[in-house]
Each structure stands twice: as C-alpha cells, then as structure tokens.
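S.K.: Here our numbering is used: position 257 in the sequence shown is 259, and no number is missing along the way.
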Amino acid sequence: MSGLTTTEAPFIEACQQSGELFIRQPYDLYTLENHWTWRRLFTRMKPRWSRYANPRFLEGIDSLRLDPDRVPRLDDINRLLHPLTGFRARAVSGYVPAFRFFDCLRNREFPTTITIRRGDRLDYLPEPDIFHDIAGHVPMHTDPRFADALVRLGDCAHTAAARPRALPSVVKAMARFFWFTVEFGLMQCADGLKVYGSGLLSSYGEIEHAIESPEVQRSPLQLEWVIHQAFEIDRYQPLLFVVESFEHLFDLVDQLEGWMRDGRLDNVAPGEPEVKQQDLDSFLATS
Ligand SMILES: [Fe+2]
C-alpha cells in the first residue's frame, strides 16, 4: 500500500501524466503508515521547535491547530490561515517552475506537496513533502509581515520577467535569496538566535546543528553576499544568514527588487544553483 507516499503514489503519477499541476488532496488515500509517519515527524520536532524556532512560528503552529497525530487536511488549515493573512495552501502534483511558484506567492497561494516521505526514511528527502511544506513553511504564513515579504518576492518575479535579457543571472540571484531566507534563515530574537527558515524548521537534525554547531558560520544578512553565494542542497548548510526581524526581511526583498531594476543582479557569481531551462521558460512564457 503506497497511499500518498513520496515518489510511490499512483494518484500523483496520474496527475502528472495528465498535466495537472494544481490538484485536490484525496485525503482518503493516506494510509495508516502515512499518518504514523506524520505523527513521528511531528512528535520528535516539537521539543526542537520550542527550543529553536522563532516565536511567530510557534504561534503559527498553535493558531493552525496542527494535529500531531494525522496528516493535515489543507481545507482545515486554510479555514484558519486565510483570515489571518489571506494565504492559502494549494495542493500541487510536483515541481512548480520558478515564475509560476513566485506568482502563486504574489497571489497569496502556497504550492503545497501532499505526499509524505516513507516511514522508514524519516531523514531522507528526495523532494519536498507535506511535512516540509505544511509543518515547515505554512506556520510562517500566519505572520502578516512574513506573508508580505513573500508577496513582495512574487513582485520580484514579475520585475524579472520584464527584463528577459539577464534572466539566468537574475533567477539565480532570486533562488539564492529564497534559499538563505525563506528556507534557511536565522533571526536574532530577544532570547537569542532563532530559526525561521523552513528547511531548518522541518529538519530534526539540522535545526539543532544550525543553532548549536561551531562548524556553522552565521553572518548578518548582506544582500551583496547572498546573491553571489553558491549553496549545495544535499548537506547541512555551513553558512547561514541572520536577519533582525520580518520588517528587515521585507526591506531586503524590497532592496532585491530595486537592485533587479537597476541591473545589479545581471552578472552574479557563477555556481549553484543551476537554473533549469524549465524555470527560465516559465518567465519567458509571461511576455
Ligand atoms: Fe521549502
């Protein structure tokens, strides 16, 4: 019984084959093992969130009333989330090309994976799953300032699409910014350094490593550095960037958009991430 297990779900394969990107969440397909996997992931993260997550994330977990025992229903989450910031989680069948992804953010929609990783591989993630997307990302979307920063990132994608000549470099810069903030960002809070990046918030091992390990270099976020900094996705991050607040994060996105308009992202340093043709095409398709 594969149910809605990552890379093993016939329902998802059928959606992909018929070209459906935005899909429903066929809740009855989750198996007992899928729910059991959610419970184990959620239960072991809880004490680490209390210790390492920023306060707005913890409030988000509470206000969305995430059930520790069962895979969440997106409709239930959206009923609580939408009145707070206008955001909704929207089920997708797989990879969302970059422009479409950012455009969803601009419309306060978060493309959300509905499959869950295998129960015997809790720490191995071949691709995002519902635990990463719902337990890692969505609680942050309850914060109005963070939500506004995501919308502003969506605006950036439209600015990028209007200047197609430098797209490979500009998209690389956007991907790096997203990685070092939304996915792996740290924040200086009243009681110390806390995590707000979803890649960390959904990783049992790395959330602790990010805060405690002497091997991690933690620097105040400087836009100049972030846009030129390569990263690798298949290891604990050796370098993390710290913001002061979500207002600060919003201002940085604003600055990113200004630099984009001024051509300052047109020649960023080469290196990871590789920008896929599919992502470039998604920007070109808008013009
Ligand atoms: Fe993510």
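Built from N, CA and C at the ideal position, the CB exists for glycine as well.
Does DSSP classify glutamate 10 as helix, strand or coil?
M.R.: Taking the sequence shown and counting its residues from 1, one reaches residue 10 at position 8. Coil at glutamate 10, not helix or strand.
S.K.: When every heavy atom of ligand 1 is checked, does at least one fall within less than 7 angstroms of the C-beta of serine 205?
M.R.: Translated into positions along the sequence shown, residue 205 becomes position 203. Taking non-hydrogen atoms of ligand 1 into account, the C-beta of serine 205 is found less than 7 angstroms away from none of them.
S.K.: Relative to the C-alpha of arginine 237, which candidate in Ala16, Glu249, Val218 has its C-alpha closest?
M.R.: As a first step, residue 237 is located in the sequence shown; it is residue number 235 there, counting from the start. Comparing Cα positions, the closest option is Val218.
S.K.: Threonine 115 by DSSP, collapsed to three states: which one?
M.R.: As a working note, residue 115 is residue 113 in the sequence shown. Note: threonine 115 maps to strand in three-state DSSP.
S.K.: With glutamine 224 and phenylalanine 186 assumed to form a contact (beta carbons below 8 angstroms), what rounded beta-carbon distance in angstroms separates them?
M.R.: For the purposes of this step, residue 224 is taken as the residue at position 222 of the sequence shown. For the purposes of this step, residue 186 is taken as the residue at position 184 of the sequence shown. That pair is no contact at about 15 angstroms.
S.K.: If I measure Cβ to Cβ from glycine 96 and keep anything under 6 angstroms in the same chain, skipping five residues before and after, which residues do I get?
M.R.: If you number the sequence shown from 1, residue 96 lands on position 94. The residues are Gln18.
S.K.: Taking the beta carbon of asparagine 269 as the centre, do at least 16 other beta carbons fall within 10 Å, making it buried, or is it exposed?
M.R.: In the sequence shown, residue 269 corresponds to position 267, counting from 1. Asparagine 269 comes out exposed.
S.K.: Let me confirm a value: isoleucine 235 is counted as buried when at least 16 other C-beta atoms fall within 10 Å, else exposed. Which label applies?
M.R.: Stepping through the sequence shown from its first residue, residue 235 is reached at position 233. Classification of isoleucine 235: exposed, given that the 10 Å Cβ count is below 16.
S.K.: When the Cα of leucine 86 is compared with those of Ala100, Pro74, Arg110, which residue comes out closest?
M.R.: Position 84 of the sequence shown, counting from 1, holds the residue named residue 86. Comparing Cα-Cα distances from leucine 86 to each of Ala100, Pro74, Arg110, the minimum goes to Arg110.
S.K.: Identify every residue that forms a DSSP beta bridge with glutamine 219.
M.R.: Taking the sequence shown and counting its residues from 1, the one referred to as residue 219 is at position 217. Per the DSSP secondary-structure output, glutamine 219 pairs in a beta bridge with Leu241.
S.K.: Is it buried or exposed for leucine 286, if we count other Cβ within 10 angstroms and need 16 for buried?
M.R.: The count along the sequence shown starts at 1 and reaches residue 286 at position 284. Classification of leucine 286: exposed, given that the 10 Å Cβ count is below 16.
S.K.: In the DSSP assignment, what residue or residues form a beta bridge with arginine 90?
M.R.: Locating residue 90 in the sequence shown gives position 88, counting from the first residue. Answer is Glu111.
S.K.: Could you tell me if the beta carbon of glycine 201 falls within a distance shorter than 7 angstroms of some heavy atom in ligand 1?
M.R.: Looking up residue 201 in the sequence shown gives position 199. Flag set: Cβ of glycine 201 near ligand 1.
S.K.: In whole angstroms, what is the alpha-carbon distance linking isoleucine 132 and leucine 82?
M.R.: Taking the first residue of the sequence shown as position 1, residue 132 is located at position 130. Taking the first residue of the sequence shown as position 1, residue 82 is located at position 80. Distance between the alpha carbons of isoleucine 132 and leucine 82: 18 angstroms.
S.K.: For aspartate 264 and glycine 199, I'd like the C-alpha separation in whole angstroms.
M.R.: The residue labelled residue 264 in the question sits at position 262 within the sequence shown. The residue labelled residue 199 in the question sits at position 197 within the sequence shown. Distance between the alpha carbons of aspartate 264 and glycine 199 is about 28 angstroms.
S.K.: Any idea what DSSP makes of leucine 68, helix, strand or coil?
M.R.: If you number the sequence shown from 1, residue 68 lands on position 66. DSSP places leucine 68 in coil when its eight states are reduced to three.
S.K.: Find out if the Cβ-Cβ distance for the pair phenylalanine 24, alanine 93 is shorter than 8 angstroms.
M.R.: Taking the first residue of the sequence shown as 1, we reach residue 24 at position 22. Taking the first residue of the sequence shown as 1, we reach residue 93 at position 91. Yes, Cβ-Cβ distance for phenylalanine 24 and alanine 93 is below 8 angstroms.
S.K.: For valine 255 versus lysine 174, is the C-beta distance shorter than 8 angstroms?
M.R.: Translated into positions along the sequence shown, residue 255 becomes position 253. Translated into positions along the sequence shown, residue 174 becomes position 172. With respect to lysine 174, valine 255 sits apart: the two C-beta atoms are not nearer than 8 angstroms.
S.K.: Is any heavy atom of ligand 1 found at a distance shorter than 7 angstroms from the C-beta of glutamate 185?
M.R.: Working through the sequence shown from its first residue, we reach residue 185 at position 183. Checking the Cβ of glutamate 185 against ligand 1 gives yes.
S.K.: Identify whether lysine 196 lies in helix, strand or coil by the three-state DSSP scheme.
M.R.: As a working mapping, residue 196 is identified with position 194 in the sequence shown. Looking at lysine 196 - three-state DSSP - the assignment turns out to be strand.
S.K.: How is the alpha helix (DSSP H) around glutamine 279 delimited, first residue to last?
M.R.: Here residue 279 refers to the residue found at position 277 when the sequence shown is read from its first residue. Note, glutamine 279: alpha helix (DSSP H), 279-286.
S.K.: In three-state DSSP terms, what is leucine 60?
M.R.: In the sequence shown, counting from the first residue as 1, residue 60 sits at position 58. Looking at leucine 60 - three-state DSSP - the assignment turns out to be helix.
S.K.: When burial is assigned at 16 or more other CB atoms within 10 Å of the CB, is tyrosine 126 buried or exposed?
M.R.: Here residue 126 corresponds to residue number 124 of the sequence shown, with the count starting at 1. It is exposed - the Cβ of tyrosine 126 has fewer than 16 other Cβ atoms within 10 Å.
S.K.: So, with DSSP's three-state summary, where would you put leucine 83?
M.R.: As a working mapping, residue 83 is identified with position 81 in the sequence shown. Note: leucine 83 maps to helix in three-state DSSP.
S.K.: Under the rule that 16 or more other beta-carbon atoms within 10 Å means buried, what is alanine 212, buried or exposed?
M.R.: By 1-based counting over the sequence shown, the position of residue 212 is 210. So alanine 212 counts as buried.
S.K.: For arginine 90, which residues from the same chain have a beta carbon less than 6 angstroms from its beta carbon, with the 5 sequence-adjacent residues on both sides left out?
M.R.: Within the sequence shown, numbered from 1, the residue matching residue 90 stands at position 88. Answer for arginine 90: Asn80, His84, Glu111, listed in chain order.
S.K.: Select from Ala163, Arg75, Gly156 the residue whose C-alpha is nearest the C-alpha of threonine 115.
M.R.: Position 113 of the sequence shown holds residue 115. Nearest of Ala163, Arg75, Gly156 to threonine 115, Cα basis: Arg75.
S.K.: Express the C-alpha separation of threonine 117 and proline 222 in angstroms, rounding to a whole number.
M.R.: Here residue 222 corresponds to residue number 220 of the sequence shown, with the count starting at 1. Here residue 117 corresponds to residue number 115 of the sequence shown, with the count starting at 1. Taking the straight line from one Cα to the other gives about 35 angstroms.
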